[in-house]
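Colleague:
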Amino acid sequence: MRYRLLLSMLGLLAITSTPSAQPTAKLDGTWRAVAAERDGKSATDVIGHRLTFAGGKFTITRDGKTLYAGTYKTDPAKRPAQIDFDNTDAGAKGNWKGIYDLDGAALKTCDNAPDTAKARPTTFAAPAGSGHIFIVFTREKS
0 MRYRLLLSML GLLAITSTPS AQPTAKLDGT WRAVAAERDG KSATDVIGHR
50 LTFAGGKFTI TRDGKTLYAG TYKTDPAKRP AQIDFDNTDA GAKGNWKGIY
100 DLDGAALKTC DNAPDTAKAR PTTFAAPAGS GHIFIVFTRE KS
């Protein structure tokens with residue numbers, strides 16, 4: 000009896016500790032940048048950018064022009080949740096390491112896109128000298 004109970008508990012633990020693809024699916028859609036900060040300064044040039052997630056790919060556009068594109072991966076089990084962008088299809092190529100927070104129709108990201116030599120951010124802030132960019136997005140209605 001104890002053996003079966005132990006096996007049941009281990010199975011439940013394996014199910015609950017395995018990262019799910021579900022949080023990534025919640026990112027799918029188009030997001031508009033409404034606020035941004037880069038290296039301690041307002042990044043008004045980013046406001047209005049559209050970030051689209053679909054099928055493991057991302058695209059960042061402005062005025063219909065593709066600025067960046069490639070694939071992305073998330074690890075929602077990490078705290079804060081992690082996101083990695085592999086920008087291979089447009090703009091300056093590179094791998095950005097970041098974090099994200101999804102709260103309903105609001106998405107916050109912070110990554111090292113301005114300086115990929117910098118470490119992954121650990122907080123949602125981009126102070127001077129950090130080499131990070133912090134962006135707040137809202138979901139666009141389809």
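Those letters in the sequence shown? Residues 0 to 141, by numbering that gives the first Met the number 0.
By construction, the Cβ of each residue, glycine as well, lies at the ideal position given by its N, Cα and C atoms.
Would you tell me roughly how many angstroms separate the C-alpha atoms of Ala53 and Lys72, rounded to the nearest one?
Modeller: Going by the C-alpha atoms only, they are around 12 Å apart.
Colleague: Under 9 Å, do Phe57 and Ala42 count as touching if we go by C-beta distance?
Modeller: It is not a contact, given that the beta carbons lie outside the stated cut-off.
Colleague: To the nearest angstrom, how far is it from the Cα of Gly103 to the Cα of Asp74?
Modeller: Cα-Cα distance, rounded: 18 Å.
Colleague: If you run the structure through DSSP and keep just helix, strand and coil, what is Ala20?
Modeller: With a pLDDT of 38 at Ala20, under the threshold of 50, the modelled position of this residue cannot be trusted; read the value that follows with caution. Looking at Ala20 - three-state DSSP - the assignment turns out to be coil, as it is neither helix nor strand.
Colleague: Pull up the DSSP beta-bridge partners for Asn86, would you.
Modeller: DSSP output for Asn86 lists Gly69 and Gly93 as bridge partner(s).
Colleague: Whose C-beta lies closer than 8 Å to the C-beta of Gly128 among residues of the same chain, with five residues either side of it excluded?
Modeller: These residues qualify, in order along the chain: Asp38 and Gly39.
Colleague: Pull up the distance between the alpha-carbon of Arg78 and that of Ile59, whole angstroms please.
Modeller: Distance between the alpha carbons of Arg78 and Ile59 is about 25 Å.
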